[in-house]
Every structure is written in structure tokens, then in C-alpha cells.
Amino acid sequence: MYSSFLPHLLKRLDNLLPRLNHIVLGDWEQDPAHRITYVNLDLIRPIFYASNIQRFEAKIFEPWRISWNCPVPPKALSLWSLHIFRTNISLNMLYQLLSATPSLKSLHYEQEHKSRDYRLSHGANLLHYTNLDGLDRVLSNIAHTLEELRLSVRVDDNLTCNISPSFGPAILGRKILKAMNRLRILKLPMLLLLSWPTDQLTSLEDILPASIEELILCDDLVARCPWEVGVITRPKMRLIGEYMEGRALITPELRCLTIRVREEREEDW
196 MYSSFLPHLL KRLDNLLPRL NHIVLGDWEQ DPAHRITYVN LDLIRPIFYA SNIQRFEAKI
256 FEPWRISWNC PVPPKALSLW SLHIFRTNIS LNMLYQLLSA TPSLKSLHYE QEHKSRDYRL
316 SHGANLLHYT NLDGLDRVLS NIAHTLEELR LSVRVDDNLT CNISPSFGPA ILGRKILKAM
376 NRLRILKLPM LLLLSWPTDQ LTSLEDILPA SIEELILCDD LVARCPWEVG VITRPKMRLI
436 GEYMEGRALI TPELRCLTIR VREEREEDW
């Protein structure tokens, strides 16, 4: 339960709770009656200034709007794990948060975009709708420290998508993932890894670092985009097959490959 004393407590974490290293904020209950509809972001800001916090998890539905209100932005040197679930956080806000976490090793980020009665017309940009067309820049802040990256995409139930919109080139290009030379665990929607137009598909060898030990690929938008199955799916699977055939040379550390082609359920978490 929210307490008026909590903001004051978090501002004095180093002094009052010097051994605290893990914070969870948000509405983890599934009962809508317990859902938090507003979170004062003054709660979150002090966490990035604390010197003892190593893991931070936030499950907040409302859009994030936060500013540091300080001449010098924070550097949360001790924070190595950041989990952000089911939020409408903008990529610009995520960029600011990751700029403050130069030691980050684990990032779980689930982007859920909510709108009312949004309809995609032919040629519309689905990447713009999902607010995902800037991930390269966002992840560049932690490319050389990250060991685990898990990204998920959810779209609003009101999204109407009966004809193929425009997707553009792959969102996560060769440079950003290839630069993550410490990355061991990677979970991505195929939309983020492979362009959907068949003439723009890229070899996985050119995109993924050789350090990968566990790779999870999923199609989070398959239920919203009926044209995605069938003929367009085959080139994706072919690239994955080629990647696995050459894994002894391409990715010698790979131990596990998971492919999920259904929408993720709550019990998957």
C-alpha cells in the first residue's frame, strides 16, 4: 500500500537502509481492483541516486514522465539489473534511464502500447505505432556491459490490422547487437530482429554476437497480423535453420534455442 512516508524513505536509502539492494514497485496483483492507476515518479528518481541498489523492478501502467531536476544526472553505478514491465514508457525516457545505469548487466523491458480504436491502414508504420523505431540508440548506452536482454511487445486489443502495413528495415540492426560482446541471454520478438518484408531479411550471423548462450525468438504480434503466417514465415525459419546448422563456428557457446509463435500469457512470467 502506498505510504506518504515512502518518498522520504527512498530519498534517504543510503543512510536508513544501507543493506537494501532490491526494490520492486508496481501493481503485481492481477485483480483490477488493486491496479495502480497513478504513480508519483518522485518515488523512482531517488533510486537512481542511491549507491546501494543493485536490482530495480517496476510494473507501472501509466506513461512515465520523469526529469532528474538536478544539474548533474545520476550515475547508478551499483545498479546491474533493471526490469520494466507493462509500461507505456517512451524510448526517450528509457534512453535517459539507461544513460544513468553504466553498469547494467540485465535488462527486461516489456513495451505495451495502449490506445483506443487505433486502425492501421495500408502503408501505415506499425513500428511507429509500437514506439519501437529507436531501440539502437537506446541500447547503445549499455551495449558493452549487458549480459542479459529480454524484450517483449504487446499491443492494445483494439488494434485493427487486417492488411499489411509498412515495417521498414530491421529495428535492431547489425551494429547494436553485434557490439554486445558480453551478451549471453537474448529474448526478442522476431519483428525486432528480422524485417518482415522477405527482401530485407538478414543473416542472423551478421546480427548476433558469438557470445550468445540462450536465444529466445517469439512472434508477439502474430495474433494481430494474420498475413504474417504462411509464406512470409518460411524465410524467417530458413534463416534460423541456417544459423543453427553453422552454430559450431558462428556461436559456439549456444546451449538453448526457443521459438514461440503464440502470444505470451501471464503465466509465462
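Going by the numbering used here, the sequence shown opens with residue 196, and the numbers climb by one from there. Heads up, the beta-carbon is just placed ideally off N, CA and C, and yes, glycines get one too.
Note the first and the last residue of the continuous alpha helix (DSSP H) segment covering alanine 271. Translated into positions along the sequence shown, residue 271 becomes position 76. It is not in any alpha helix (DSSP H) - alanine 271 carries neither H nor E in the DSSP assignment.
Endpoints, alpha helix (DSSP H) assigned at arginine 442: Position 247 of the sequence shown, counted from the start, is the residue given in the question as residue 442. 442–445 is the extent of the alpha helix (DSSP H) around arginine 442.
Local conformation of proline 430 per DSSP, three classes: Position 235 of the sequence shown, counted from the start, is the residue given in the question as residue 430. Helix.
Would the beta-carbon of leucine 344 fall within 8 Å of that of leucine 381? Residue numbering aside, residue 344 sits at position 149 when the sequence shown is read from its first letter. Residue numbering aside, residue 381 sits at position 186 when the sequence shown is read from its first letter. It is a contact, given that the beta carbons lie within the stated cut-off.
Looking only at its chain, what residues have a beta carbon closer than 8 Å to the beta carbon of glutamate 342, apart from the 5 residues adjacent to it on each side? Taking the first residue of the sequence shown as 1, we reach residue 342 at position 147. Cβ within range, chain order: Lys300, Ser301, Arg377, Leu378, Arg379, Ile380.
So the beta strand (DSSP E) leucine 383 belongs to, where does it begin and stop? Position 188 of the sequence shown, counted from the start, is the residue given in the question as residue 383. Its beta strand (DSSP E) spans residues 380–384.
Buried or exposed for valine 348, going by 16 or more other Cβ atoms inside 10 Å? Along the sequence shown, one-based indexing puts residue 348 at 153. Counting Cβ neighbours within 10 Å, valine 348 comes out buried, since at least 16 surround it.
6 Å CB neighbourhood of arginine 455 in its chain, flanking five on each side removed: Counted from its first residue, the sequence shown places residue 455 at position 260. The answer, listed in chain order, is Cys413.
Grab the span of the alpha helix (DSSP H) containing arginine 240 for me, first residue to last. On the sequence shown, residue 240 is found 45 positions in, with the first residue counted as 1. Segment: none, arginine 240 is in no alpha helix (DSSP H) and carries neither H nor E.
Could you tell me which residues DSSP pairs with histidine 303 in its beta bridges? On the sequence shown, residue 303 is found 108 positions in, with the first residue counted as 1. Answer is His278, Arg345.
Pick helix, strand or coil for leucine 292, following the three-state DSSP scheme. One-based indexing of the sequence shown puts residue 292 at position 97. Here leucine 292 sits in helix by DSSP.
Figure out for me which residue from Cys265, Pro430, Glu305, Lys370 has the closest Cα to the Cα of arginine 332. For the purposes of this step, residue 332 is taken as residue 137 along the sequence shown, with counting starting at 1. Relative to the Cα of arginine 332, the nearest Cα in the group Cys265, Pro430, Glu305, Lys370 belongs to Lys370.
Take serine 406 and list the residues in its own chain whose beta-carbon comes closer than 7 Å to its own, dropping the five residues that flank it on each side. Taking the first residue of the sequence shown as position 1, residue 406 is located at position 211. Closer than 7 Å at Cβ, skipping near neighbours: Asn376, Arg377, Leu378, Arg379, Glu448.
Under 8 Å by Cβ, that's how I've got tyrosine 244 and proline 213 pegged, so tell me the actual separation to the nearest angstrom. For this step, residue 244 is matched to residue 49 along the sequence shown. For this step, residue 213 is matched to residue 18 along the sequence shown. Not really, about 14 Å apart at Cβ, beyond 8 Å.
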